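Data first, discussion second: the structure below is written as structure tokens.
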Amino acid sequence: MQQHGVDQSQSGPWSVLDVYGEVELSWSPDLRQEVLAVLAKSSALAVRLARVTYIDSSGIAALVEGFQRARSHHQRFVLLSPSPPVRSVLELARLDRVFPIFPDLAAATAAGG
Numbered sequence: 742m743q744q745h746g747v748d749q750s751q752s753g754p755w756s757v758l759d760v761y762g763e764v765e766l767s768w769s770p771d772l773r774q775e776v777l778a779v780l781a782k783s784s785a786l787a788v789r790l791a792r793v794t795y796i797d798s799s800g801i802a803a804l805v806e807g808f809q810r811a812r813s814h815h816q817r818f819v820l821l822s823p824s825p826p827v828r829s830v831l832e833l834a835r836l837d838r839v840f841p842i843f844p845d846l847a848a849a850t851a852a853g854g
């Protein structure tokens, strides 16, 4: 059984990556690649983190790189419903003040992402 992964879907203008499991050094390069590949084709990316049980600095770095790439290309990039472990890491690094974070896609859409 795989301990991590990502499911991709489309909802209106949003590409949605639903990340699950443990996001750590052995897998975060794959997540980074997935985020950048989606941003190469889509103008709006939402990364759902509700099913992430653990994230380390390499996983956070993959998200930061995606966010920076989106920002430099005038794309929308949001995080959706981070799990308690992810929210703790984001708050500890004060990245909850950097990333647009929403409880769901409807809230992100209403806020203009």
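Using our numbering, the first residue of the sequence shown is number 742, and each one after it goes up by one.
Beta carbons: idealized from backbone N, C-alpha and C, even for Gly.
If you're wondering where the values come from, they're calculated on a predicted model, not measured in any experiment.
Could you name the residues of the same chain whose beta carbon sits closer than 6 angstroms to that of residue i, not counting the 5 residues immediately before and after it, in chain order?
{"i": "L797", "result": "Per the sequence shown, residue 797 should be read as Asp rather than Leu. Only E765 meet the Cβ criterion."}
{"i": "A834", "result": "none"}
{"i": "D837", "result": "L831"}
{"i": "S750", "result": "V757"}
What residues in its chain sit with their C-beta under 8 angstroms from that of residue i, if we drop five residues either side in the sequence?
{"i": "R792", "result": "D759, V760, Y761, G762, S824"}
{"i": "T850", "result": "G753, W755"}
{"i": "E806", "result": "R773, V776, L777"}
{"i": "R812", "result": "F818"}
Can you tell which of the options has the C-alpha that lies nearest to the C-alpha of residue i?
{"i": "A781", "options": "S767, H815, V830", "result": "H815"}
{"i": "G794", "options": "P826, W768, Q774, G800", "result": "Just to set this straight, residue 794 is Thr in the shown sequence, not Gly. Here the closest residue by C-alpha is P826."}
{"i": "Q774", "options": "R828, V839, G800, V819", "result": "G800"}
{"i": "W768", "options": "V776, H745, S783", "result": "H745"}
{"i": "A848", "options": "V819, R828, S829, V839", "result": "V819"}
{"i": "R810", "options": "V747, S783, I842", "result": "S783"}
{"i": "P770", "options": "V779, A802, D748", "result": "A802"}
Once the 5 residues before and after residue i are set aside, which same chain residues still bring their CB inside 7 angstroms of it?
{"i": "S822", "result": "R789, L790, A791, P844, D845"}
Under the DSSP definition of a beta bridge, which residues are partnered with residue i?
{"i": "D759", "result": "D748, R789"}
If I follow the unbroken alpha helix (DSSP H) through residue i, where does it start and stop?
{"i": "A847", "result": "846-851"}
Output yes if chain C places a C-beta closer than 8 angstroms to the C-beta of residue i; else output no.
{"i": "R838", "result": "In summary, chain C is missing from the structure at hand, where a single protein chain is found."}
Ordered list of alpha helix (DSSP H) runs contained in the stretch 761-840, each at least 4 residues: 769-782, 798-813, 825-833
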